[in-house]
Amino acid sequence: MTAIEPITESDDDIRAAVGEAEVPPLLPALAYLTGDLSLLRDELRPDPLLSGLPQGGLTDDQLAAARALAVDAIIRFRDNGSRPAPLPSDTDLLRIMEYAVGGAAMADYLPLLEEELAFRGEDRRAPTFHKNDIAPDVDFTVVVIGAGMSGLLAGHRLRQAGVPFVILEKDTDVGGTWYENTYPGCRVDNPNHNYSYSFAQRHDWPLHFSTQDVLLDYFRSCADVFELRDHIRFQTEVLSATWSQQNLRWTVRTRTADGHEETIEANAVISAVGQLNRPSYPNIPGRDSFEGATFHSARWDRDVDLRGARVAVIGTGASAVQFIPEIAAAVGELLVFQRTPPWLGPTPDYHEEVSPGLKWLYSHVPSYSEWNRFWIFWKMGDGVLPGVRVDPDWEPQASSVSAINDFMRMMLTDYLSTEFADRPDLISKVVPQYPPAAKRLLRDNGVWARALKRDTTQLITEPIREITSKGVVTVDGEEHRVDVIIYGTGFEASKFLTPMRVTGRDGLDLHEEWNGDARAYLGITIPGFPNLFCLYGPNTNIVINGSIIYFSECGVRYVLGCIDLLLRGEHRALDVRKDVHDEFNERVDAENRMMAWGASDVNSWYKNDRGRVAQNWPFTLLEYWQRTRAPDPDDYELVAGN
Ligand code: NAP
């Protein structure tokens with residue numbers, strides 16, 4: 016969404032900006048931009064094993080040499096009128112890409128990269144059809160449930176394809192999770208160049224990891240720029256959706272904030288309700304008897320004055336690790352009840368603003384921002400996948416699943432040991448005993464240890480027995496009296512599509528069918544529920560910190576592909592074949608058992624009550640992209656229209 020400007024700055028200004036660069040993606044970007052592949056010096060290539068470290072683990076000498084080359088190349092580019100060279104051949108692009116990721120074989124990724132780079136503004140994931148061209152007379156409408164990140168995306172693509180739709184949103188504004196979670200310290204833990212739509216890139220993100228307000232503004236402005244607001248009905252909650260095999264339509268029942276109920280008919284329903292929006296309150300005896308103030312992190316109550324109060328926080332997951340450091344100094348006393356400690360990935364720039372020089376590079380060196388996006392995509396996605404997969408020959412250990420995973424464990428343990436070096440009493444409490452990536456790896460820039468080491472903070476690992484009117488009682492019988500209890504206890508993530516009632520073919524009830532164990536084909540379609548499409552559905556979550564927007568972009572393209580299929584021919588409904596769905600899920604389950612999060616028996620929201628990993632995609636990001644590029648009609652029973 017932000018344009019690239021021509022370079023008019025002096026050599027010194029360029030040199031100063033390059034001094035602030037994220038170096039690993041800079042030489043690939045300049046090689047791509049100028050066509051000068053001699054910039055790709057072997058001795059300056061990042062080491063794939065070190066890519067998670069700041070500057071990809073490049074040494075000071077390597078950084079200085081790479082910067083000098085980059086400065087010369089940018090000056091030449093400026094002197095040449097800021098005109099990019101012609102696009103490189105596939106062979107050259109592959110060479111640049113393999114260099115960028117430290118030498119991995121990337122031929123399979125080439126078409127994905129071309130899309131991801133969206134260089135010079137193309138949007139290669141846009142629908143390839145327009146309804147007016149292929150089925151002008153066909154009556155086909157879509158209901159999208161939710162105006163969060165996925166719902167806005169679905170609306171944008173439907174609008175581009177000329178397919179009539181309405182988005183139903185229970186809240187008063189767009190943004191979904193970024194609208195609802197307003198707790199102090201709430202921010203994205205995936206760098207924004209990656210956590211943003213591929214076709215709506217900003218080169219001017221103020222922070223590397225945006226805070227909630229910045230992200231909410233981004234999604235609000237996307238709703239405006241994509242001209243979606245007129246398509247959204249706010250404060251409209253979906254109660255049920257019922258399929259008619261006779262009419263090949265869904266009837267969607269809604270209720271507005273003032274209690275008015277209505278029905279809407281549509282040929283297809285896209286559920287974009289997210290996984291992380293129904294707060295989970297722990298099943299601790301006596302929870303309702305507490306007489307002080309209490310709230311969940313996702314329903315932060317600003318009317319509760321925490322200043323000087325004795326505050327209990329239950330949970331040390333992603334949300335709590337963000338808000339505890341923010342409230343620790345203000346409260347009178349902080350009692351942190353931890354059941355399982357999180358692994359923390361050191362991230363020095365976690366709270367930092369993007370420096371002026373780096374911002375300048377993003378907005379003046381074409382493709383640098385996109386190559387940076389690719390660099391993040393790789394080092395936080397498929398590049399780390401081998402490090403979290405079980406090595407069957409690895410001596411079975413509770414604390415790691417392979418040699419690389421053990422290396423990660425040692426590095427992360429070192430970090431925690433250093434952070435808590437002056438508080439040896441806390442070290443055994445804060446160092447996890449389960450493999451890295453068995454639970455979500457959280458980011459830290461030192462604030463976690465600082466919050467826990469305060470004189471006014473207690474880290475309590477004794478399990479909770481009950482909650483009384485006055486506070487929290489641990490199993491050792493001690494009552495911890497508090498004024499406020501904050502639940503950082505996560506979400507009912509496994510209860511996909513609840514509390515809506517969804518009735519498919521032959522009166523099938525979705526929740527009875529799933530029986531607490533949600534599954535879908537590619538996370539999108541479910542047998543017996545024709546023309547129902549899920550975004551961020553079962554098994555489309557990621558543990559290592561890739562971007563869920565990527566999954567939604569892949570999913571939405573697939574859904575649009577299904578609609579294209581329905582509009583082009585005489586068929587008006589598609590229902591995924593049960594054998595295709597079951598076979599796919601068996602493969603997913605088998606692979607999830609081979610991943611740290613499936614092999615370890617540590618608690619996590621990735622597993623449902625039956626212990627099955629119902630959330631996570633265990634394969635590469637590439638594979639999800641490949642499998643969702645277009646639907647295979649053979650995977651579906653197609654039903655002709657009336
Ligand atoms: P979570 O990761 O599920 O953490 C819940 C915490 O509550 C865990 O520490 C859990 O302990 C604890 N807990 C639950 N029930 C308990 C009980 N009965 N007694 C004691 N402790 C209990 O939830 P979350 O922190 O809200 O995060 C959920 C997900 O949301 C994240 O994994 C992430 O995907 C997303 N998220 C992302 C961001 C971001 O990008 N910035 C921020 C926040 C959330 P156990 O570990 O022992 O189960």
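Those letters in the sequence shown? Residues 16 to 657, per the numbering used here, in order. For glycine and all other residues, C-beta sits at the position ideal for the given N, C-alpha and C.
- Query: Can you find a heavy atom of ligand 1 that lies under 7 Å from the Cβ of G332?
  - Reply: The count along the sequence shown starts at 1 and reaches residue 332 at position 317. Because some heavy atom of ligand 1 lies under 7 Å away, the Cβ of G332 counts as near it: yes.
- Proximity of F599 and Y536 at Cβ, strictly below 8 Å: Here residue 599 refers to the residue found at position 584 of the sequence shown. Here residue 536 refers to the residue found at position 521 of the sequence shown. Yes.
- Item | Length-filtered (3 minimum) beta strand (DSSP E) runs lying within the region 553-625 | 586-591
- Task: Write down the C-beta distance between L589 and L580 rounded to the nearest angstrom, noting that I regard them as a contact closer than 8 Å.
- Result: Residue 589 sits at position 574 when you count from the first residue of the sequence shown. Residue 580 sits at position 565 when you count from the first residue of the sequence shown. Indeed they touch by this definition, with Cβ atoms about 7 Å apart.
- Environment of S443 [buried if 16+ CB atoms lie within 10 Å]: Reading the sequence shown from its first residue, position 428 is the one you call residue 443. That one is exposed.
- In the DSSP assignment, find the beta strand (DSSP E) that holds S97 and state where it starts and stops. By one-based count along the sequence shown, residue 97 stands at place 82. Unbroken run through S97: none, as it is neither H nor E.
- Message: Please give the ranges of any alpha helix (DSSP H) in the region 419-455, keeping only runs that are unbroken, at least 4 residues long and fully inside the region.
- Response: 439-445
- Selected residue, minimal CA-CA separation from R317, among P199, S255 and M164: Numbered from 1 along the sequence shown, position 302 holds the residue referred to as residue 317. Closest option to R317, Cα to Cα, is P199.
- Please indicate yes or no: does the CB of T476 lie closer than 7 Å to some heavy atom of ligand 1? Start at 1 with the first residue of the sequence shown, and residue 476 comes out as number 461. Checking every heavy atom of ligand 1 against the Cβ of T476, none is found closer than 7 Å.
- Task: Using a threshold of 8 Å, state whether the C-beta atoms of T489 and P478 are closer than that.
- Result: Here residue 489 refers to the residue found at position 474 of the sequence shown. Here residue 478 refers to the residue found at position 463 of the sequence shown. Yes. Within cutoff.
- Assuming P99 and L48 make a contact with CB atoms under 8 Å, what is their CB distance in whole Å? The count along the sequence shown starts at 1 and reaches residue 99 at position 84. The count along the sequence shown starts at 1 and reaches residue 48 at position 33. At roughly 5 Å, the Cβ-Cβ gap stays under 8 Å, so P99 and L48 are in contact.
- Compute the beta-carbon to beta-carbon distance between V416 and I559, rounded to the nearest angstrom, for a pair I have assumed lies under 8 Å. Your numbering for residue 416 matches position 401 in the sequence shown. Your numbering for residue 559 matches position 544 in the sequence shown. Between I559 and V416 the Cβ distance is about 13 Å, and since that is not below 8 Å, they are no contact.
- Between the Cα of D491 and those of R91, Y502, I475 and G503, spot the shortest distance and give me the residue it belongs to. Taking the sequence shown and counting its residues from 1, one reaches residue 491 at position 476. The candidate whose alpha carbon is nearest that of D491 is I475.
- G347 burial status per 10 Å Cβ neighbour count (16 or more: buried): Mapped onto the sequence shown, residue 347 falls at position 332. It counts as exposed.
- Apply the 10 Å Cβ neighbour rule to M121 and answer buried if 16 or more other Cβ atoms are within range, or exposed otherwise. By one-based count along the sequence shown, residue 121 stands at place 106. Per the 10 Å Cβ criterion, buried.
- Task: Select from L173, D459 and N292 the residue whose C-alpha is nearest the C-alpha of L243.
- Result: The sequence position of residue 243 within the sequence shown is 228, counting from 1. Taking only the C-alpha atoms, the option nearest L243 is L173.
- Message: Just to confirm my understanding: we take R455, look at its own chain, exclude 5 residues before and 5 after, and list those with CB closer than 7 Å. What are they?
- Response: The residue labelled residue 455 in the question sits at position 440 within the sequence shown. Around R455: A333 and V558.
- Query: By a C-beta neighbour count over all protein chains shown, 10 Å radius and 16 as the cutoff for buried, is D459 buried or exposed?
  - Reply: Looking up residue 459 in the sequence shown gives position 444. D459 should be labelled buried.
- Taking C-beta to C-beta, are F634 and E606 nearer than 8 Å? Residue mapping note: residue 634 aligns to position 619 of the sequence shown, counting from 1. Residue mapping note: residue 606 aligns to position 591 of the sequence shown, counting from 1. Cβ distance < 8 Å, so F634 and E606 count as in contact.
- Item | Of the residues A283, S295 and E252, the one placed nearest T269, counting alpha carbons only | Locating residue 269 in the sequence shown gives position 254, counting from the first residue. Out of A283, S295 and E252, E252 has the C-alpha closest to the C-alpha of T269.
- Take H311 and list the residues in its own chain whose beta-carbon comes closer than 6 Å to its own, dropping the five residues that flank it on each side. To locate residue 311, count along the sequence shown from 1; it is residue 296. Hits under 6 Å: P294 and Y502.
- Check whether L59 and Q77 have beta carbons under 8 Å apart: What you label residue 59 is simply residue 44 of the sequence shown in a count that begins at 1. What you label residue 77 is simply residue 62 of the sequence shown in a count that begins at 1. Going by C-beta atoms, L59 is nearer than 8 Å to Q77.
- Query: Looking only at its own chain, which residues have a Cβ that is under 7 Å from the Cβ of P61, when we skip the five neighbours before and after it?
  - Reply: What you label residue 61 is simply residue 46 of the sequence shown in a count that begins at 1. Contacts found: P39, G71, G72, L73 and G117.
- Item | Proximity winner among V326, F305 and V86, relative to Q473 (alpha-carbon distances) | Numbered from 1 along the sequence shown, position 458 holds the residue referred to as residue 473. Checked all of V326, F305 and V86; the closest Cα to Q473 is V326.
- Query: Within 7 Å: the Cβ of T355 and any heavy atom of ligand 1?
  - Reply: Translated into the one-based positions of the sequence shown, residue 355 becomes position 340. Result yes, Cβ under 7 Å from ligand 1.
- What residue does the beta strand (DSSP E) around L254 start on, and which one ends it? Along the sequence shown, one-based indexing puts residue 254 at 239. Unbroken beta strand (DSSP E) run through L254: T251 to S259.
- Could you tell me the distance, in whole angstroms, from the CA atom of E24 to the CA atom of S370? Counting from 1 along the sequence shown, the entry for residue 24 is found at position 9. Counting from 1 along the sequence shown, the entry for residue 370 is found at position 355. Going from the Cα of E24 to the Cα of S370 covers about 17 Å.
- Message: For a test of the three-state rule: what should DSSP assign to A655, helix, strand or coil?
- Response: Position 640 of the sequence shown, counted from the first residue, corresponds to residue 655. Strand at A655.
- Regarding Q337 and ligand 1, is the C-beta to nearest heavy atom distance less than 7 Å? Mapped onto the sequence shown, residue 337 falls at position 322. Yes, the Cβ of Q337 comes within 7 Å of a heavy atom of ligand 1.
- Message: Measuring only the C-alpha atoms, how far is F103 from Y212?
- Response: Stepping through the sequence shown from its first residue, residue 103 is reached at position 88. Stepping through the sequence shown from its first residue, residue 212 is reached at position 197. Reading the sequence as shown, one finds Pro at residue 103 and not Phe. A direct Cα-Cα distance of roughly 24 Å separates P103 from Y212.
- Query: Could you give the distance in angstroms between the alpha-carbon of A324 and the alpha-carbon of F305?
  - Reply: Start at 1 with the first residue of the sequence shown, and residue 324 comes out as number 309. Start at 1 with the first residue of the sequence shown, and residue 305 comes out as number 290. Their Cα atoms are separated by approximately 15 Å.
- Item | Start and end residues, beta strand (DSSP E) containing T271 | As a working mapping, residue 271 is identified with position 256 in the sequence shown. Per DSSP, T271 belongs to the beta strand (DSSP E) from R264 to T271.
- Message: Taking 8 Å as the cut-off, does the region 479-486 touch the region 446-455 (at least 3 CB pairs, one atom from each stretch)?
- Response: Flag = no, the region 446-455 and the region 479-486 do not touch.
- Message: I want to know whether the region 152-163 touches the region 273-293 - three or more CB-CB distances under 8 Å.
- Response: yes
- Relative to ligand 1, is the shortest distance from any of its heavy atoms to the C-beta of N623 smaller than 7 Å? Counted from its first residue, the sequence shown places residue 623 at position 608. Outside the cutoff, so no.
- Taking the C-alpha atoms as reference points, what is the distance between L457 and A464? Start at 1 with the first residue of the sequence shown, and residue 457 comes out as number 442. Start at 1 with the first residue of the sequence shown, and residue 464 comes out as number 449. The alpha-carbon atoms of L457 and A464 are separated by roughly 13 Å.
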